[in-house]
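Colleague: Just passing along the structure, written as structure tokens.
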Amino acid sequence: MSKNYRKYWPIFVLPTMAAFALGFVIPFLYGIFLSFCKFTTVTDWKWIGFQNYSRILFVNGKLDTTFLHSIWYTCIFTIITVIIINVVSFAIALALTKGIKGTNLFRTSFFLPNLIGGIVLSYVWLMIFNSVLSRYSMTIVSSEWSAFIGLVIVVSWQQIGYMMIIYIAGLQNIPGDLLEAARIDGANSRQLLRSIIIPMLRPTITVCTFLTLTNGFKLFDQNLALTGGKPGGMSELLALNIYNTMYGKTGWQGVGQAKAVIFFIMVAIIALIQNKLTTRKEVER
Amino acid sequence: MKKNVLAVVMSTAMAAALLAGCGGSASSSSASSSSAAGSETAAVSEAASAGSGSGSVYMLNFKPETDGQWQDLAAAYTKKTGVPVTVVTAASGTYDTTLTSEMSKSEAPTIFNIGNSAAAQTWDDYTMDLKDSALYKHLTDKSLVVDYNGKTAAVANCYECYGIIYNKTILQAYCDKYKDAVIKSPEDIKDLDTLEKVAADINSHVDAINKACGTELTEAFASAGLDDGSSWRFSGHLANLPLYYEFKDDGCDLLAGEATIKGKYLDNYKKVWDMYVKDSAADPGTLDSGSYNAESELGMGEAVFYQNGDWEFSGLTDSANGYTVKAADLDMMPIYFGVDDANEGLCIGTENYWAVNSKASKENIDASLAFLEWVITSDEGRDSITNKMGLSAPFDTFTDKYASANPFKQTAAKMMNEGKTSIAWSFNATPNVDDWRKGVVSALTDYTKGTGKWDAVKTAFVTGWSDQWKLAHEK
Chain A
3 MSKNYRKYWP IFVLPTMAAF ALGFVIPFLY GIFLSFCKFT TVTDWKWIGF QNYSRILFVN
63 GKLDTTFLHS IWYTCIFTII TVIIINVVSF AIALALTKGI KGTNLFRTSF FLPNLIGGIV
123 LSYVWLMIFN SVLSRYSMTI VSSEWSAFIG LVIVVSWQQI GYMMIIYIAG LQNIPGDLLE
183 AARIDGANSR QLLRSIIIPM LRPTITVCTF LTLTNGFKLF DQNLALTGGK PGGMSELLAL
243 NIYNTMYGKT GWQGVGQAKA VIFFIMVAII ALIQNKLTTR KEVER
Chain B
435 MKKNVLAVVM STAMAAALLA GCGGSASSSS ASSSSAAGSE TAAVSEAASA GSGSGSVYML
495 NFKPETDGQW QDLAAAYTKK TGVPVTVVTA ASGTYDTTLT SEMSKSEAPT IFNIGNSAAA
555 QTWDDYTMDL KDSALYKHLT DKSLVVDYNG KTAAVANCYE CYGIIYNKTI LQAYCDKYKD
615 AVIKSPEDIK DLDTLEKVAA DINSHVDAIN KACGTELTEA FASAGLDDGS SWRFSGHLAN
675 LPLYYEFKDD GCDLLAGEAT IKGKYLDNYK KVWDMYVKDS AADPGTLDSG SYNAESELGM
735 GEAVFYQNGD WEFSGLTDSA NGYTVKAADL DMMPIYFGVD DANEGLCIGT ENYWAVNSKA
795 SKENIDASLA FLEWVITSDE GRDSITNKMG LSAPFDTFTD KYASANPFKQ TAAKMMNEGK
855 TSIAWSFNAT PNVDDWRKGV VSALTDYTKG TGKWDAVKTA FVTGWSDQWK LAHEK
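If you read the sequences in order, they're chains A and B.
Heads up: the first sequence begins at 3 in this note's numbering, then just goes up one per residue.
Heads up: the second sequence begins at 435 in this note's numbering, then just goes up one per residue.
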């Protein structure tokens with residue numbers, strides 16, 4: 003069998019590799035190259051070195067803090083959503099692995115929000131928020147912090163069901179005899195949680211943290227539809243900020259591309275660090 | 435044996451799923467089957483035209499509402515002359531992004547839309563001088579072009595007007611039946627002061643007016659929404675007036691504008707804006723929520739005045755929308771600004787200019803110019819534009835039965851005949867228009883909610899303009 007693998011693996015791997023190269027690797031490398039150019043269309047470029055990168059911060063000779071604001075706004079947003087989504091979905095997963103009546107119904111209904119696309123979801127929530135807030139003569143985009151709370155609510159509501167499913171799968175993989183043995187030894191449920199369940203769930207926690215972290219940084223659909231960056235661009239997360247830079251100003255496509263390269267480097271470093279930290283603590287089976 | 439059959443079925447399904455994704459262009463937004471067929475034939479005709487020597491036409495259309503009619507025109511022209519014509523329409527709000535990606539392809543558009551001077555600057559390397567074309571020769575108003583870099587970069591293909599749409603039936607009833615009316619007839623509204631008086635009076639006495647006239651008014655002015663779907667009326671259309679009058683005073687090109695502005699007429703802008711907010715039933719604190727539908731407020735007879743343009747006519751009179759207002763109830767008055775009200779007409783201009791791709795091959799350029807000339811001179815072309823698309827084209831070939839049927843346009847024509855000055859669309863000169871408007875709308879929203887001052891609006895308007903101008907004109 004392994005003889006066949008050695009002879010025929012290129013045929014099976016090649017189509018996927020070609021698609022991956024064409025759809026991801028080549029545009030990615032080309033994008034890095036274009037971040038050093040001034041361009042209108044991707045085939046019509048002019049090399050200008052690091053000028054795009056300096057324009058991210060210095061505009062018309064003054065310091066422009068909009069990108070920095072997007073960065074820390076996104077960081078706070080990601081930290082809060084990672085915590086909320088993981089804690090709540092873990093709690094729900096725990097509750098729904100105890101074999102209570104209607105478990106399947108609960109699991110299905112908690113997962114359903116994840117099936118609604120980001121844009122439609124945000125528009126519906128926009129209507130809900132604005133209707134409720136109209137009583138206080140406010141709208142969801144009255145300030146950057148009301149927009150922040152709105153975004154956290156929408157994204158958490160959508161993602162909790164998805165992470166819950168992953169946690170349930172992880173929980174179900176914990177050998178039952180381990181838990182039984184611990185209970186016989188007299189462990190109460192809190193000790194069970196801290197000493198057995200969470201350590202055994204490390205791989206799942208790694209996966210979920212990674213997913214929520216990258217989702218938080220990359221968030222675009224909900225940002226665009228719920229707040230559109232209002233008020234005055236203060237509630238723009240990174241992806242929307244880059245998108246608006248690319249298409250909002252004349253001749254700033256290069257700067258948008260440069261911001262995208264920085265964005266990639268940031269998220270890659272953070273995700274790798276997070277991965278290293280959580281994988282180290284995983285328990286070998 | 436069964437395993438083999440299963441393997442064959444699976445591979446066929448996989449191949450079919452793979453190939454279903456191919457074919458047809460990605461940017462057509464029309465749901466009609468004719469356009470789906472159109473984009474299929476586009477792929478075929480593009481391949482065919484690569485080999486033919488008589489040139490081909492590829493138009494990237496700007497108006498989604500006219501896609502079906504353009505597909506029909508393209509098919510008719512190809513049938514008549516054998517020249518392949520492809521029309522692709524970008525989805526609403528995606529024209530720039532679609533044009534950017536289409537232009538980098540080997541089969542780039544030969545005819546595309548230029549909206550204003552900024553677009554002419556972006557695409558300067560791709561626009562050819564249309565001064566000697568048949569299109570330019572047929573233009574009735576030679577100012578309806580975009581000039582840039584010493585050439586006529588684009589020629590208008592339709593023009594539109596906007597002002598304050600008002601329900602003249604209700605206004606007439608107000609004058610005749612309400613005994614405390616401040617004017618004797620709707621024609622008395624000829625300047626901003628009178629309009630302010632009338633709006634304030636109507637808004638504060640809605641109940642008495644309803645009783646006297648049998649109307650169902652809730653306000654004088656329809657809501658001035660500051661959400662994305664409506665804010666352009668105030669950060670663009672209304673902002674046009676202070677810009678126009680300042681450009682006129684400074685003597686610069688009314689459509690190209692200037693690098694810095696002083697905001698001379700922003701006090702008038704404030705007067706009009708305060709009137710819009712005060713004399714309306716909408717809660718100022720929630721104007722940016724997007725939950726107000728100003729068109730429906732006028733359509734259901736709840737409001738008397740509604741600032742918008744002639745394109746609203748079809749929506750307001752479409753029976754599918756269920757509005758109570760009729761075509762005979764509607765008319766349009768200028769946005770009186772308190773500067774030169776006696777001579778002010780409606781705001782006339784466009785964002786629809788045809789440009790021809792200078793980087794296309796000579797045969798394609800000639801074919802494209804011939805196609806456009808056919809559109810504005812032939813019966814099928816003129817019939818499609820005036821009657822089917824409902825547009826007003828500014829060419830001397832559009833006379834008699836091809837003249838505009840839109841009553842707002844007829845009002846515009848009447849005012850032009852009376853010698854009133856039409857206000858040009860100076861807001862087309864706005865540098866980095868999305869960013870500038872974002873700043874102005876944000877400041878305007880804060881001012882309207884009471885959390886900000888009018889000075890912030892002035893700063894966003896004036897300083898924002900010069901900042902964005904510098905950014906847009908960097909080399």
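For every residue, glycine included, the Cβ atom is placed at its ideal position computed from N, Cα and C.
In this text the structure is predicted, and so the values were computed from the model without any measurement.
With three or more C-beta pairs closer than 8 angstroms as the rule, is the region 836-847 of chain B touching the region 527-540 of chain B?
Modeller: These segments do not touch.
Colleague: Going by other Cβ atoms of all chains shown within 10 Å of its Cβ, with 16 needed for buried, is Asn438(B) buried or exposed?
Modeller: Walking along the second sequence from the start, residue 438(B) turns up at place 4. That one is exposed.
Colleague: Hey, would you say the C-beta of Ile87(A) is under 7 angstroms away from at least one heavy atom of the ligand NAP?
Modeller: Among the ligands in the structure shown, none appear at all, so the ligand NAP cannot be discussed.
Colleague: I'd like to know whether the C-beta of Asp889(B) is nearer than 8 angstroms to at least one C-beta of chain A.
Modeller: Within the second sequence, numbered from 1, the residue matching residue 889(B) stands at position 455. Judged by the 8 angstroms Cβ criterion, Asp889(B) is not in contact with chain A.
Colleague: Under 8 angstroms, Cβ to Cβ, is there at least one residue of chain B near Pro205(A)?
Modeller: What you label residue 205(A) is simply residue 203 of the first sequence in a count that begins at 1. Closer than 8 angstroms: no.
Colleague: When the distance is taken between beta carbons, is Val874(B) closer than 8 angstroms to Ala673(B)?
Modeller: As a working mapping, residue 673(B) is identified with position 239 in the second sequence. As a working mapping, residue 874(B) is identified with position 440 in the second sequence. Yes. Within cutoff.
Colleague: Determine, using beta carbons only, whether Val143(A) comes closer than 8 angstroms to chain B.
Modeller: Taking the first sequence and counting its residues from 1, the one referred to as residue 143(A) is at position 141. At least one chain B Cβ lies under 8 angstroms of Val143(A).
Colleague: For Asn742(B), is the classification buried or exposed, using 16 other Cβ atoms within 10 angstroms of its Cβ as the cut-off for buried?
Modeller: Here the question's residue 742(B) lines up with position 308 in the second sequence. Flag for Asn742(B) reads buried.
Colleague: Are the beta-carbon atoms of Leu605(B) and Val519(B) separated by less than 8 angstroms?
Modeller: Numbered from its first residue, the second sequence carries residue 605(B) at position 171. Numbered from its first residue, the second sequence carries residue 519(B) at position 85. Cβ atoms of Leu605(B) and Val519(B): not closer than 8 angstroms.
Colleague: Identify, in the order they occur along the chain, each residue of the same chain with its Cβ nearer than 7 angstroms to the Cβ of Phe92(A), setting aside the five sequence neighbours on each side.
Modeller: Counted from its first residue, the first sequence places residue 92(A) at position 90. Answer for Phe92(A): Tyr169, listed in chain order.
Colleague: Whose Cβ in chain A lies nearer than 8 angstroms to the Cβ of Lys904(B)?
Modeller: Against the second sequence, residue 904(B) aligns to sequence position 470. By Cβ distance, chain A contributes Asn62.
Colleague: So, Val773(B) versus Asn702(B), is the Cβ gap smaller than 8 angstroms?
Modeller: For the purposes of this step, residue 773(B) is identified with residue 339 of the second sequence, where counting begins at 1. For the purposes of this step, residue 702(B) is identified with residue 268 of the second sequence, where counting begins at 1. Contact flag set, yes.
Colleague: Looking at Asp717(B) and Ser139(A), is the spacing between their C-beta atoms short of 8 angstroms?
Modeller: Residue mapping note: residue 139(A) aligns to position 137 of the first sequence, counting from 1. Residue mapping note: residue 717(B) aligns to position 283 of the second sequence, counting from 1. Contact: yes.
Colleague: Once the 5 residues before and after Tyr608(B) are set aside, which same chain residues still bring their CB inside 7 angstroms of it?
Modeller: Here residue 608(B) refers to the residue found at position 174 when the second sequence is read from its first residue. Closer than 7 angstroms at Cβ, skipping near neighbours: Ala615, Ile636, Ile643 and Cys647.
Colleague: Compute the Euclidean distance between the alpha carbons of Trp745(B) and Glu594(B), then round it to the nearest angstrom.
Modeller: Reading the second sequence from its first residue, position 311 is the one you call residue 745(B). Reading the second sequence from its first residue, position 160 is the one you call residue 594(B). If I take the Cα positions, the gap works out to 8 angstroms.
Colleague: Under 7 angstroms between beta-carbons, which chain B residues line up against Tyr1(A)? List them in chain order, please.
Modeller: Nothing about residue 1(A) can be reported from this structure: the residues present for chain A run from 3 to 287 only.
Colleague: With 16 as the cutoff for other CB atoms within 10 Å, does Val122(A) come out buried or exposed?
Modeller: The residue given as residue 122(A) occupies position 120 in the first sequence. Val122(A) comes out exposed.
Colleague: Does the Cβ-Cβ distance between Ser124(A) and Asp223(A) come in under 8 angstroms?
Modeller: As a working note, residue 124(A) is residue 122 in the first sequence. As a working note, residue 223(A) is residue 221 in the first sequence. Yes; because the gap between Cβ atoms is below 8 angstroms, this pair is in contact.
Colleague: Which whole-angstrom value describes the C-beta separation of Leu578(B) and Thr784(B), a residue pair presumed to lie in contact below a C-beta threshold of 8 angstroms?
Modeller: By 1-based counting over the second sequence, the position of residue 578(B) is 144. By 1-based counting over the second sequence, the position of residue 784(B) is 350. Correct: roughly 7 angstroms between the Cβ atoms.
Colleague: If you follow the beta strand (DSSP E) that Ile782(B) is part of, which residue opens it and which one closes it?
Modeller: Counted from its first residue, the second sequence places residue 782(B) at position 348. From DSSP, the beta strand (DSSP E) with Ile782(B) extends over Glu778 to Gly783.
Colleague: Let me make sure I understand the geometry here. Which of Gln505(B), Ala554(B) and Phe829(B) has the alpha-carbon closest to that of Trp572(B)?
Modeller: To locate residue 572(B), count along the second sequence from 1; it is residue 138. For the record, residue 572(B) in the displayed sequence is His; it is not Trp. Out of Gln505(B), Ala554(B) and Phe829(B), Phe829(B) has the C-alpha closest to the C-alpha of His572(B).
Colleague: According to DSSP, Asp581(B) sits in a beta bridge with which residue or residues?
Modeller: The residue labelled residue 581(B) in the question sits at position 147 within the second sequence. In DSSP, Asp581(B) forms a bridge with Thr586(B).
Colleague: In the DSSP assignment, the alpha helix (DSSP H) including Ala184(A) goes from what residue to what residue?
Modeller: The residue labelled residue 184(A) in the question sits at position 182 within the first sequence. Counting along the chain, the alpha helix (DSSP H) containing Ala184(A) begins and ends at Gly178 to Ile186.
Colleague: Mind checking which residues open and close the beta strand (DSSP E) that includes Cys592(B)?
Modeller: Locating residue 592(B) in the second sequence gives position 158, counting from the first residue. Careful: Cys592(B) lies outside any beta strand (DSSP E) and carries neither H nor E.
Colleague: Would you kindly report the start and end of the unbroken alpha helix (DSSP H) that includes Cys39(A)?
Modeller: As a first step, residue 39(A) is located in the first sequence; it is residue number 37 there, counting from the start. Segment Cys39 to Phe41 is the beta strand (DSSP E) holding Cys39(A); no alpha helix (DSSP H) there.
Colleague: Would you call the region 687-697 of chain B and the region 886-901 of chain B in contact, with 3 or more CB pairs under 8 angstroms?
Modeller: Verdict: yes, contact present.
Colleague: Check for me: the alpha helix (DSSP H) holding Asp765(B) runs from which residue to which?
Modeller: Taking the second sequence and counting its residues from 1, one reaches residue 765(B) at position 331. Unbroken run through Asp765(B) is the beta strand (DSSP E), Leu764 to Met767; no alpha helix (DSSP H).
Colleague: Using a Cβ distance threshold of 8 angstroms, determine whether the region 796-816 of chain B contacts the region 487-497 of chain B, with at least three qualifying pairs required.
Modeller: With a cut-off of 8 angstroms, the region 487-497 of chain B and the region 796-816 of chain B count as touching, because enough Cβ pairs lie within range.
Colleague: If you draw a straight line from the C-alpha of Ile34(A) to the C-alpha of Ala273(A), how long is it?
Modeller: The count along the first sequence starts at 1 and reaches residue 34(A) at position 32. The count along the first sequence starts at 1 and reaches residue 273(A) at position 271. Rounded to the nearest angstrom, the two C-alpha atoms are 20 angstroms apart.
Colleague: Distance, Cα to Cα, Ser714(B) vs Phe655(B)?
Modeller: Walking along the second sequence from the start, residue 714(B) turns up at place 280. Walking along the second sequence from the start, residue 655(B) turns up at place 221. C-alpha separation (whole angstroms): 5 angstroms.
Colleague: With three or more beta-carbon pairs closer than 8 angstroms as the criterion, would you say the region 153-170 of chain A touches the region 210-222 of chain A?
Modeller: The region 153-170 of chain A, when compared against the region 210-222 of chain A, does touch it at the 8 angstroms Cβ threshold.
Colleague: Taking the straight line between their C-alpha atoms, what separation do you get for Lys267(A) and Gly250(A)?
Modeller: For the purposes of this step, residue 267(A) is identified with residue 265 of the first sequence, where counting begins at 1. For the purposes of this step, residue 250(A) is identified with residue 248 of the first sequence, where counting begins at 1. Lys is not the amino acid found at residue 267(A); the sequence shown has Ile there. Roughly 23 angstroms separates the two Cα atoms.
Colleague: Taking the alpha-carbon positions, what's the Met767(B) to Tyr596(B) distance?
Modeller: Within the second sequence, residue 767(B) is the residue found at index 333, counting from 1. Within the second sequence, residue 596(B) is the residue found at index 162, counting from 1. Those two C-alpha atoms are separated by around 9 angstroms.
Colleague: Exposed or buried, Tyr245(A), counting other C-beta atoms within 10 Å across all chains shown (16 or more means buried)?
Modeller: Sequence index remark: in the first sequence, residue 245(A) carries index 243 (1-based). Label assigned to Tyr245(A): buried.
Colleague: May I have the straight-line CA-CA distance separating Tyr787(B) from Ala588(B), to the nearest angstrom?
Modeller: Taking the first residue of the second sequence as position 1, residue 787(B) is located at position 353. Taking the first residue of the second sequence as position 1, residue 588(B) is located at position 154. About 5 angstroms.
Colleague: Within the region 55-135 of chain A, note down every full alpha helix (DSSP H) run reaching 4 residues or more, in order along the chain.
Modeller: List check, alpha helix (DSSP H) in window: 68-97, 105-113 and 120-135.
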